[in-house]
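First comes the structure, then the notes that go with it.
Protein chains: 2
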Amino acid sequence: MLYIVGIGSGARDCMTAAAEKALMQSDFIIGYKTYTALMKPFFPQKSFLESGMRQETERVRLSLQYGQTQTVSLICSGDPELYGMAALAYEYLEEYPGTELEVVPGVTAAFSGGALLGAPLTHDTVIISLSDLLTPMEKIVHRLRCAADGDFVIVLYNPSSKTRKDYLRNACDIILKYRSPETVCGYVRNIGREGESYQICSLAELRNVQADMFTTVYIGNSETKKIGEKMVTPRGYPHA
Amino acid sequence: MLYIVGIGSGARDCMTAAAEKALMQSDFIIGYKTYTALMKPFFPQKSFLESGMRQETERVRLSLQYGQTQTVSLICSGDPELYGMAALAYEYLEEYPGTELEVVPGVTAAFSGGALLGAPLTHDTVIISLSDLLTPMEKIVHRLRCAADGDFVIVLYNPSSKTRKDYLRNACDIILKYRSPETVCGYVRNIGREGESYQICSLAELRNVQADMFTTVYIGNSETKKIGEKMVTPRGYPHA
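Just so you know, the sequences run in chain order A and B. FYI, in my numbering the residues of the first sequence are 1 to 240. FYI, in my numbering the residues of the second sequence are 241 to 480.
Here's what the structure looks like:
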């Protein structure tokens, strides 16, 4: 039995009861070392199997293999679908007869970070990863244009890394062709972890923010506003 | 103190520990009657205050008012940001001095339903509500076009109701101008509740599905495929 489990931000309170149960029932917990390190203090009695970055395929195959004879959980940060391992596991599943697969959803960064910023994601929302490791840059650029044109609230995952320092700036420049430089934006660092912080700024200011791979970025729609220190997208209820 | 709490699908296992704690700490739990009915069996010792549909403004004001002197939770299905009450509460907050506000995120239907269908939401995703009660139809139509053009996975909330029987069909017809009728789609009814069911179909078939307000609809991107009985969007990992 293989559970592919969304652990949310990494704060224990952010996990669902179903995720907690899946981990408790597992003989092994498998995951990328950053995420196993987050879970170890919560489940000290469990065995963990950790692997490095870019070893996604091996990690999924190992999990499917163990799942043939044991109960195991493969953990993903946030939700196990979104930029996670669930799809890859389904792609290989038939090669591992006997393994049953269950996806246990989790709170993805868009929502755990949004709750810190205020309520930016009240209305129609787009989530885009700026990482071009697995997606051609032309496709990302086209999606940014479509998202900006559609006046969606936009959430950017993987906005930058050491080798992609200017990606967030480039994304802002594309969106600035459709939206005002005054558009209310925000970003959250290290959601639910040590060093958690958030900031609200304008789209013009966001251009100059140095994000990293633990930053989640929010670009408001044309109606998003700053209320006090919070980023809020109204839905359009008649006021009374 | 006012917690605005995402209860997820309504299945207790789908709630986060933080949501559970907020409800346990509250003197009252306030919500739309469908959601209070879901929570009552889990928290039999708690007092509930329920209100009807389209009374969102009154419900939020009442919650903010109680929050001045007591600890209360206002519950929303899924996540309290997305088409939920969190933004409205921030809009009125300054009228209720003394009320502290905390948004407790939850697993929104897109993800809890996605996990049932397989892993449709692996890649860049758009969430759009087809309800035109609070959003002009021209805006919804433009967003559908942008989402389809961007080759996003599309999740539709509120795809139909008694008075909007043809909205899902119209949305499919817009998307069919950009995507193949063979595009892999799916829909989930009553996620996490009695009568839960899901179905995978083509975009051409989705046109003829009679959805209701408890249905969540998924339209795959150009790479989404059916694997066994599951809807899976690959992310593009090199296979090994």
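We put the beta carbon where it would ideally sit given N, CA and C, even for glycine.
> Is the region 369-386 of chain B touching the region 79-98 of chain A, taking contact as three or more C-beta pairs under 8 Å?
Replying inline: Not touching, per the Cβ criterion.
> Considering only residues of the same chain and omitting the five flanking positions on each side of M377 of chain B, which have a CB-CB separation below 7 Å?
Replying inline: In the second sequence, residue 377 of chain B corresponds to position 137, counting from 1. So no residue of the chain qualifies.
> Relative to the alpha-carbon of E205 of chain A, which residue among A:K225, A:G195, A:T183, A:T216 has its alpha-carbon at the smallest distance?
Replying inline: Residue 205 of chain A sits at position 205 when you count from the first residue of the first sequence. For E205 of chain A, the closest C-alpha among the options A:K225, A:G195, A:T183, A:T216 is that of A:T183.
> Taking 8 Å as the CB-CB cut-off, is V344 of chain B touching chain A?
Replying inline: Residue mapping note: residue 344 of chain B aligns to position 104 of the second sequence, counting from 1. Closer than 8 Å: yes.
> So, helix, strand or coil for M231 of chain A, using DSSP?
Replying inline: Within the first sequence, the letter at position 231 stands for residue 231 of chain A. Correct three-state label for M231 of chain A: strand.
>> Looking at chain A, is there any beta carbon in it that lies within less than 8 Å of the beta carbon of P474 of chain B?
In response: Taking the second sequence and counting its residues from 1, the one referred to as residue 474 of chain B is at position 234. Taking Cβ atoms only, chain A reaches closer than 8 Å to P474 of chain B, which makes this a yes.
> On the three-pair Cβ rule with 8 Å, is the region 26-44 of chain A touching the region 3-10 of chain A?
Replying inline: The region 26-44 of chain A and the region 3-10 of chain A touch, with no fewer than 3 CB-CB distances between them shorter than 8 Å.
> What are the residues of the region 294-314 of chain B that lie near chain C, defined by any Cβ-Cβ distance shorter than 7 Å?
Replying inline: Of the chains in the structure shown, none is chain C; the protein chains are A and B.
>> Among the candidates B:I459, B:G318, B:K405, B:S400, whose CA atom is the shortest distance from the CA of G250 of chain B?
In response: In the second sequence, the residue the question calls residue 250 of chain B occupies position 10. That would be B:G318, whose Cα lies nearest to the Cα of G250 of chain B.
>> Strictly below 8 Å CB to CB, what residues from chain B border S112 of chain A?
In response: For the purposes of this step, residue 112 of chain A is taken as residue 112 along the first sequence, with counting starting at 1. Within chain B, the C-beta atoms nearer than 8 Å to that of S112 of chain A come from P345, in chain order.
> If the cut is a Cβ gap below 9 Å, which residues of chain B does C201 of chain A touch?
Replying inline: Numbered from 1 along the first sequence, position 201 holds the residue referred to as residue 201 of chain A. Residues of chain B passing the Cβ test: none, with the nearest at roughly 18 Å.
> alpha helix (DSSP H) containing G390 of chain B: first to last residue?
Replying inline: The count along the second sequence starts at 1 and reaches residue 390 of chain B at position 150. It is not in any alpha helix (DSSP H) - G390 of chain B carries neither H nor E in the DSSP assignment.
>> What I want to know is whether the C-beta of Y237 of chain A ends up closer than 7 Å to one or more non-hydrogen atoms of the ligand GDP.
In response: Of ligands this structure carries none, so the ligand GDP is not represented either.
>> Taking DSSP's pairing of strands, which residues face I415 of chain B in a bridge?
In response: Indexing the second sequence from 1 puts residue 415 of chain B at position 175. I415 of chain B pairs with nothing; no bridge assigned.
> Quick one, which of B:V381, B:D391, B:R301 has its alpha-carbon nearest P399 of chain B's?
Replying inline: What you label residue 399 of chain B is simply residue 159 of the second sequence in a count that begins at 1. Minimum Cα-Cα distance from P399 of chain B among the listed residues B:V381, B:D391, B:R301 corresponds to B:V381.
> Using the beta-carbon count (16 or more within 10 Å), is N448 of chain B buried or exposed?
Replying inline: Within the second sequence, the letter at position 208 stands for residue 448 of chain B. By the neighbour-count rule (16 or more Cβ atoms within 10 Å), N448 of chain B is not buried but exposed.
>> Can you list, in chain order, the residues of its chain with a C-beta nearer than 6 Å to that of G353 of chain B? Leave out the 5 residues immediately preceding and following it.
In response: Sequence index remark: in the second sequence, residue 353 of chain B carries index 113 (1-based). Taken in chain order, the residues that qualify are V428, I431, T456.
> According to DSSP, what are the bridge partners of F48 of chain A?
Replying inline: In the first sequence, residue 48 of chain A corresponds to position 48, counting from 1. Residue pairing by DSSP places F48 of chain A opposite A:I29 in a beta bridge.
> Where do the N-terminal and C-terminal ends of the alpha helix (DSSP H) with L130 of chain A fall, by residue?
Replying inline: Here residue 130 of chain A refers to the residue found at position 130 when the first sequence is read from its first residue. For L130 of chain A, no alpha helix (DSSP H) run applies, since DSSP gives it neither H nor E.
> Shorter than 8 Å from the beta carbon of G52 of chain A to some beta carbon of chain B?
Replying inline: To locate residue 52 of chain A, count along the first sequence from 1; it is residue 52. By the rule that beta-carbons nearer than 8 Å mark a contact, G52 of chain A does not touch chain B.
> Rounded C-beta distance between T276 of chain B and E290 of chain B? I'm assuming under 8 Å.
Replying inline: Sequence index remark: in the second sequence, residue 276 of chain B carries index 36 (1-based). Sequence index remark: in the second sequence, residue 290 of chain B carries index 50 (1-based). Distance from T276 of chain B to E290 of chain B at the Cβ level is roughly 4 Å; contact confirmed, criterion being Cβ atoms closer than 8 Å.
>> Please report whether the beta-carbon of C425 of chain B lies at a distance below 8 Å from any beta-carbon of chain A.
In response: Here residue 425 of chain B is taken as the residue at index 185 of the second sequence, counted from 1. Not one beta carbon of chain A lies nearer than 8 Å to the beta carbon of C425 of chain B.
> Do three or more CB pairs link the region 86-93 of chain A to the region 359-368 of chain B at distances below 8 Å?
Replying inline: With three or more CB-CB distances shorter than 8 Å, the region 86-93 of chain A counts as touching the region 359-368 of chain B.
> Any idea if E469 of chain B is buried or exposed, counting beta-carbon neighbours within 10 angstroms, 16 or more meaning buried?
Replying inline: Within the second sequence, numbered from 1, the residue matching residue 469 of chain B stands at position 229. The residue is exposed, with fewer than 16 neighbouring Cβ atoms inside 10 Å.
>> Can you tell me whether G102 of chain A is helix, strand or coil according to DSSP?
In response: In the first sequence, the residue the question calls residue 102 of chain A occupies position 102. Inspection of the sequence shows that residue 102 of chain A is occupied by Glu rather than by Gly. Residue state, collapsed to three classes: strand.
> Given that A451 of chain B touches chain A, what residues does it touch there, using C-beta distances under 9 Å?
Replying inline: For the purposes of this step, residue 451 of chain B is taken as residue 211 along the second sequence, with counting starting at 1. Those within 9 Å of A451 of chain B in chain A number zero; the least Cβ separation is about 18 Å.
> What are the boundary residues of the beta strand (DSSP E) that Y92 of chain A is part of?
Replying inline: Residue mapping note: residue 92 of chain A aligns to position 92 of the first sequence, counting from 1. Element bounds for Y92 of chain A: not the beta strand (DSSP E) but the alpha helix (DSSP H), 86-92.
>> So for R252 of chain B, helix, strand or coil by DSSP?
In response: By one-based count along the second sequence, residue 252 of chain B stands at place 12. DSSP places R252 of chain B within a helical segment (H, G or I) once states are collapsed to three.
> S129 of chain A touches chain B at which residues, Cβ-Cβ below 7 Å?
Replying inline: In the first sequence, the residue the question calls residue 129 of chain A occupies position 129. Residues of chain B passing the Cβ test: D364.
> Along the region 314-328 of chain B, what residues have a CB closer than 8 Å to any CB found in chain A?
Replying inline: In summary, the residues of the region 314-328 of chain B whose CB is separated from some CB of chain A by less than 8 Å are D319, P320, E321, L322, Y323, G324, A326, A327, L328, in the order they occur in the chain.
>> Less than 8 Å between the beta carbons of T365 of chain B and V393 of chain B, yes or no?
In response: For the purposes of this step, residue 365 of chain B is taken as the residue at position 125 of the second sequence. For the purposes of this step, residue 393 of chain B is taken as the residue at position 153 of the second sequence. Yes. Within cutoff.
>> I need the DSSP call for K280 of chain B, collapsed to helix, strand or coil.
In response: Position 40 of the second sequence, counted from the start, is the residue given in the question as residue 280 of chain B. Reduced to three states, the DSSP call for K280 of chain B is coil.
> Under 9 Å Cβ-Cβ, which residues of chain B neighbour R207 of chain A?
Replying inline: The count along the first sequence starts at 1 and reaches residue 207 of chain A at position 207. Simply none; closest approach about 21 Å.
> Under the three-state reduction of DSSP, which class applies to T403 of chain B: helix, strand or coil?
Replying inline: Walking along the second sequence from the start, residue 403 of chain B turns up at place 163. T403 of chain B falls in the coil class under three-state DSSP.
> Do you know whose CA, among A:I200, A:N221, A:F48, A:G195, lies nearest F214 of chain A's CA?
Replying inline: By one-based count along the first sequence, residue 214 of chain A stands at place 214. It is A:G195.
> Are L203 of chain A and A171 of chain A touching if we call contact CB-CB under 8 Å?
Replying inline: The residue given as residue 203 of chain A occupies position 203 in the first sequence. The residue given as residue 171 of chain A occupies position 171 in the first sequence. Going by C-beta atoms, L203 of chain A is not nearer than 8 Å to A171 of chain A.
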